[in-house]
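Participant: The structure that follows is given in the form of structure tokens.
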Amino acid sequence: MIQGIFQYEFLQNAFLTGILIGFLAPLLGVFIVVRRLSLIADALSHVTLAGIAASLLLEKYFVVLSGLNPLYLGMVFSVGGSLFIEKLRGVYKHYQELAIPIILSGGIGLGVIFISLADGFNTDLYSYLFGSVSAVSRTDLWVIFAISIVVIVTVILLYKELFLLSFDEEHAKASGIAAKSIHFIFIIMVALVIAASMRIVGIMLVSSLMTLPVAASIRIAKGFKQTIFLSIIFGEIAVLGGLFSSYYLDLAPGGTIVMIAVAILVFTIIYKKLMIKSQVSQGGAAG
Amino acid sequence: MKSQSVIEINNLSYRYEKDTVLENINVTVPFRSFLAIVGPNGSGKSTLLKLILGLLKPQKGEIRLFGQEINKFKDWQQIGYVSQKANSFNTGFPATVFEVVSSGLTKKLGLFRFFKKEHTLKVHEALEAVGMRKFTNRNIGELSGGQQQRVFIARALVSEPELLILDEPTVGVDAENVNSFYHMLADLNKQRGITLLLVTHDIGTISDKVTHVACLNKHLHFHGETSEFEKHQSEGMSEFYGTDVHLLSHQHDHGGVLK
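Heads up: the protein sequence lines correspond to chains D and V, in order.
Taking my numbering, I'd label the letters of the first sequence as residues 246 to 532.
Taking my numbering, I'd label the letters of the second sequence as residues 446 to 704.
Below you can see the structure in the form of structure tokens.
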């Protein structure tokens, strides 16, 4: 496969995109998980599906649009969905989590209608649902590269504010941080990364790339920066390992990536258990 | 020129719809004093704090902070606030004590500014002040309630406020550690010269650590130096909760004894 990467452009695209996604998804995932917003990723990925289905539908009926990359409309829907979630969170102040199932089911409902109008499933749609190594185009790669630059620069510039907002929203607001605007910027970044990730891992599994590496690293990391660092390492291992094995074993890359992430998670849980045990027994011996 | 008092409240009243929560409050908090406002639940303590912090607007009367009318007051960096909710944060949050305390500098640093070496020193100093220096690299969730509360105080101290306001700071602190906790606060007041305003419903442990006590129950029933308060306390709490004494004698140095 290493040879293949030099030979085939589609493999280069898939790997480079994978490396970017393996970095971005866990990076934002840390903030999502600690703010207990894990399900937002799920809701937005379903909205992205509606956008992609809409794009495929348009492509079918309007020949002019046949070259349109579904990624764009997916992104538009995803960002739109994120804004809608924020609006709903404002409407249901005491039931903020309600926004998530509303958007999630709305997204899937809309997606299913578009799919049925476009005469049902085809291979293209299947690759969006579960990810594909061969579907990533050079344009996709460039778009995702641009998203990566924007997201990384924004996170670096707003790191202290994002940290404070995640750790203690109340205090952030009380101390006069522009909490609303920063949250808004954050949620748009999440929407963009979700739309960018779906080519590789697929819509159904995008959220797992944002949560599983974080769930693993939170068990063993010390401090917030280390949590981010380990999450990214785990994310990269899962994506690259998943792409390699799916290529050789001819599996859907999305599923393989997620299963590797799950394996890492299980490993860290066991590791932590063993650490605590050895500490206890050491403490016992010393006492 | 610095004014005589950090907080000055004159004839302040506040009501939520029909309920009058605060009526005709007069308080003066002198520089470098340690004032405890004591009152039962629903006595208007939180409302008074919100008014002082500018989260609510006074309906009647005036509040002056550092000699300036609260509406015109801009220098909020001078005021550190440790909320009661500080101890209900997500204890599983993966942040070290260092990271939590440095987050107290977020506003002071401003957007797009990065943490530098001098800020690290400030964080260490703040942790030293609350006796938590050796926990710098521990995860916040591994600490006890009292230790976490100290970390939150350090977070407020790191931006070097003149006045520190604490809302029920001992809620998450174990009974046996409450005393040393108040001791630490008294040290901040005496050695670092920080003016402290503390709101609590627990009067027993605190009276010997603070310099001034005020009792609140819609009216501010008492406001004076600690020794004066103790005299009244011996005459019976009920009497003093029932009467309408306003003692506003602050000409004395807070270390001195009022006779």
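Even for Gly, the Cβ is constructed at its ideal location relative to N, Cα and C.
Note that the structure is predicted; figures quoted are calculated from it, not measured.
So, with DSSP's three-state summary, where would you put V:Gly-525?
Facilitator: Stepping through the second sequence from its first residue, residue 525 of chain V is reached at position 80. Three-state DSSP puts V:Gly-525 in a strand.
Participant: Taking V:Thr-645 as part of the beta strand (DSSP E), name the residues at either end of that continuous run.
Facilitator: To locate residue 645 of chain V, count along the second sequence from 1; it is residue 200. 640-645 is the span of the beta strand (DSSP E), which, as asked, contains V:Thr-645.
Participant: Given a cut-off of 7 angstroms, decide if D:Phe-479 and D:Ala-461 are closer than it, judged by their beta-carbon atoms.
Facilitator: Here residue 461 of chain D refers to the residue found at position 216 when the first sequence is read from its first residue. Here residue 479 of chain D refers to the residue found at position 234 when the first sequence is read from its first residue. In this structure, D:Phe-479 lies closer than 7 angstroms to D:Ala-461 by Cβ.
Participant: State buried or exposed for V:Ser-683, treating a residue as buried only when at least 16 other CB atoms are found within 10 Å of its CB.
Facilitator: As a position in the second sequence, residue 683 of chain V is number 238, starting the count at 1. For V:Ser-683, the pLDDT reaches just 46, beneath the cut-off of 50, and the residue's location in the model is therefore unreliable, leaving the point undetermined.
Participant: Name the residue from D:Gly-267, D:Gln-257, D:Phe-255 and D:Ala-259 whose alpha carbon lies nearest to the alpha carbon of D:Val-451.
Facilitator: By 1-based counting over the first sequence, the position of residue 451 of chain D is 206. When each option's Cα is compared against that of D:Val-451, the closest is D:Gly-267.
Participant: Quick one: is D:Met-520 buried, meaning 16 or more other Cβ sit within 10 Å of its Cβ, or exposed?
Facilitator: Translated into positions along the first sequence, residue 520 of chain D becomes position 275. Classification for D:Met-520: exposed.
Participant: Rounded to whole angstroms, what's the CA-CA distance from D:Ser-311 to D:Leu-301? Just pull it up for me.
Facilitator: Residue mapping note: residue 311 of chain D aligns to position 66 of the first sequence, counting from 1. Residue mapping note: residue 301 of chain D aligns to position 56 of the first sequence, counting from 1. Between D:Ser-311 and D:Leu-301, the C-alpha separation is close to 9 angstroms.
Participant: Does V:Gly-681 pass the burial test, meaning 16 or more other C-beta atoms within 10 Å, or should it be called exposed?
Facilitator: Indexing the second sequence from 1 puts residue 681 of chain V at position 236. Reliability of the predicted coordinates at V:Gly-681 is poor, the pLDDT of 46 falling under 50, and the value obtained from them is presented with this limitation in mind. The residue is exposed, with fewer than 16 neighbouring Cβ atoms inside 10 Å.
Participant: Just checking my contact of D:Ser-327 with D:Val-435 at CB under 8 angstroms: how many whole Å lie between their CB atoms?
Facilitator: For the purposes of this step, residue 327 of chain D is identified with residue 82 of the first sequence, where counting begins at 1. For the purposes of this step, residue 435 of chain D is identified with residue 190 of the first sequence, where counting begins at 1. 7 angstroms between Cβ atoms; contact.
Participant: Can you tell me whether V:Met-446 is buried or exposed, with buried defined as 16 or more other CB within 10 angstroms of its CB?
Facilitator: Counted from its first residue, the second sequence places residue 446 of chain V at position 1. Note that V:Met-446 scores a pLDDT of 44, beneath 50, so its modelled location is shaky; the value from the coordinates is reported in the next line. So V:Met-446 counts as exposed.
Participant: Quick check: does the Cβ of V:Leu-480 come within less than 6 angstroms of any heavy atom belonging to the ligand FMN?
Facilitator: The ligand FMN is absent from the structure shown, which contains no ligand whatsoever.
Participant: Note down the Cα distance separating V:Arg-595 from V:Asn-516, rounded to an integer number of angstroms.
Facilitator: Residue numbering aside, residue 595 of chain V sits at position 150 when the second sequence is read from its first letter. Residue numbering aside, residue 516 of chain V sits at position 71 when the second sequence is read from its first letter. Distance between the alpha carbons of V:Arg-595 and V:Asn-516: 31 angstroms.
Participant: Opposite V:Lys-505 in the DSSP bridges: which residues?
Facilitator: The residue you call residue 505 of chain V lines up with position 60 of the second sequence. DSSP output for V:Lys-505 lists V:Ser-458 as bridge partner(s).
Participant: Which residues in chain D sit within 7 angstroms of V:Ala-540, going by Cβ to Cβ distance?
Facilitator: Residue 540 of chain V sits at position 95 when you count from the first residue of the second sequence. Per Cβ cutoff of 7 angstroms: Phe-412, Gly-468 and Phe-469.
Participant: I'd like the span of the beta strand (DSSP E) that includes V:Phe-479, first residue to last.
Facilitator: The residue labelled residue 479 of chain V in the question sits at position 34 within the second sequence. From DSSP, the beta strand (DSSP E) with V:Phe-479 extends over 479-483.
Participant: Under 7 angstroms, CB to CB, which of the residues in the region 588-616 of chain V have a partner in chain D?
Facilitator: For the region 588-616 of chain V, which is checked against every Cβ of chain D, not one residue is closer than 7 angstroms.
Participant: Determine which residues share a DSSP beta bridge with V:His-664 and list them.
Facilitator: On the second sequence, position 219 is the one that residue 664 of chain V refers to. Paired residue(s): V:Asn-662.
Participant: According to DSSP, is V:Gly-681 helix, strand or coil?
Facilitator: Along the second sequence, one-based indexing puts residue 681 of chain V at 236. Residue placement at V:Gly-681 is poorly supported in this model, since its pLDDT is 46, which falls under 50; the coordinates still yield a value, given next. Here V:Gly-681 sits in coil by DSSP.
Participant: If the cut-off is 7 angstroms on Cβ atoms, which residues from the region 510-525 of chain V count as contacting chain D, listed in chain order?
Facilitator: Under the 7 angstroms Cβ criterion, the region 510-525 of chain V contributes Trp-521.
Participant: Between V:Glu-544 and chain D, is any beta-carbon pair separated by less than 7 angstroms?
Facilitator: The count along the second sequence starts at 1 and reaches residue 544 of chain V at position 99. Chain D, which has a Cβ nearer than 7 angstroms to the Cβ of V:Glu-544, makes this yes.
Participant: Report the three-state DSSP secondary structure of V:Gln-513 (helix, strand or coil).
Facilitator: Position 68 of the second sequence, counted from the start, is the residue given in the question as residue 513 of chain V. DSSP places V:Gln-513 in strand when its eight states are reduced to three.
Participant: For V:Asp-711, name the three-state secondary structure that DSSP assigns.
Facilitator: This structure cannot settle anything about residue 711 of chain V, because the visible part of chain V is limited to 446 through 704.
Participant: State yes or no: is the beta carbon of D:Phe-408 nearer than 7 angstroms to at least one beta carbon in chain V?
Facilitator: Within the first sequence, residue 408 of chain D is the residue found at index 163, counting from 1. Yes, D:Phe-408 counts as interfacial toward chain V.
Participant: Less than 7 angstroms between the C-beta atoms of D:Gly-468 and V:Thr-541, yes or no?
Facilitator: On the first sequence, residue 468 of chain D is found 223 positions in, with the first residue counted as 1. On the second sequence, residue 541 of chain V is found 96 positions in, with the first residue counted as 1. In this structure, V:Thr-541 lies closer than 7 angstroms to D:Gly-468 by Cβ.
Participant: So D:Leu-402 packs on V:Phe-557, CB below 8 angstroms; how close in whole Å?
Facilitator: As a first step, residue 402 of chain D is located in the first sequence; it is residue number 157 there, counting from the start. As a first step, residue 557 of chain V is located in the second sequence; it is residue number 112 there, counting from the start. Yes, they are in contact, since the Cβ atoms of D:Leu-402 and V:Phe-557 sit about 5 angstroms apart, within 8 angstroms.
Participant: Considering only DSSP beta bridges, list what V:Leu-608 is partnered with.
Facilitator: By 1-based counting over the second sequence, the position of residue 608 of chain V is 163. For V:Leu-608, which the question treats as bridged, DSSP gives the partners V:Ile-524 and V:Thr-640.
Participant: DSSP state of V:Glu-453, grouped into three classes?
Facilitator: Numbered from 1 along the second sequence, position 8 holds the residue referred to as residue 453 of chain V. Note: V:Glu-453 maps to strand in three-state DSSP.
Participant: To which residues of the same chain is V:Gly-489 closer than 8 angstroms at the C-beta, ignoring the five residues directly before and after it?
Facilitator: What you label residue 489 of chain V is simply residue 44 of the second sequence in a count that begins at 1. The residues are Tyr-459, Val-466, Leu-467, Leu-661, Asn-662 and Lys-663.
Participant: Quick check on the burial criterion: 16 or more other C-beta atoms within 10 angstroms. Buried or exposed for V:Ile-610?
Facilitator: Reading the second sequence from its first residue, position 165 is the one you call residue 610 of chain V. Burial call: buried.
Participant: Tell me, please, which residues DSSP counts as bridged to V:Asn-584.
Facilitator: Looking up residue 584 of chain V in the second sequence gives position 139. DSSP, once it has assigned bridges, lists V:Thr-541 as partnering V:Asn-584.
Participant: Taking DSSP as the reference, what is the three-state secondary structure of V:Asn-471?
Facilitator: The residue given as residue 471 of chain V occupies position 26 in the second sequence. Three-state result, V:Asn-471: strand.
Participant: Could you work out which residues of chain V lie near D:Val-279, taking near to mean beta carbons separated by less than 9 angstroms?
Facilitator: Start at 1 with the first residue of the first sequence, and residue 279 of chain D comes out as number 34. Within chain V, the residues near D:Val-279 are Asn-535, Gly-537, Phe-538, Pro-539 and Ala-540.
Participant: What does D:Leu-402 touch in chain V if you count any residue whose Cβ is under 7 angstroms from its own?
Facilitator: Here residue 402 of chain D corresponds to residue number 157 of the first sequence, with the count starting at 1. Those within 7 angstroms of D:Leu-402 in chain V are Phe-557.
Participant: According to DSSP, simplified to helix, strand and coil, what is D:His-339?
Facilitator: The sequence position of residue 339 of chain D within the first sequence is 94, counting from 1. Reduced to three states, the DSSP call for D:His-339 is coil.
Participant: What are the complete beta strand (DSSP E) segments, minimum 3 residues, inside the region 400-440 of chain D?
Facilitator: As far as the region 400-440 of chain D is concerned, it has no whole beta strand (DSSP E) run of at least 3 residues.
Participant: Please list the terminal residues of the continuous alpha helix (DSSP H) segment that includes D:Tyr-306.
Facilitator: Counting from 1 along the first sequence, the entry for residue 306 of chain D is found at position 61. 283-306 is the extent of the alpha helix (DSSP H) around D:Tyr-306.
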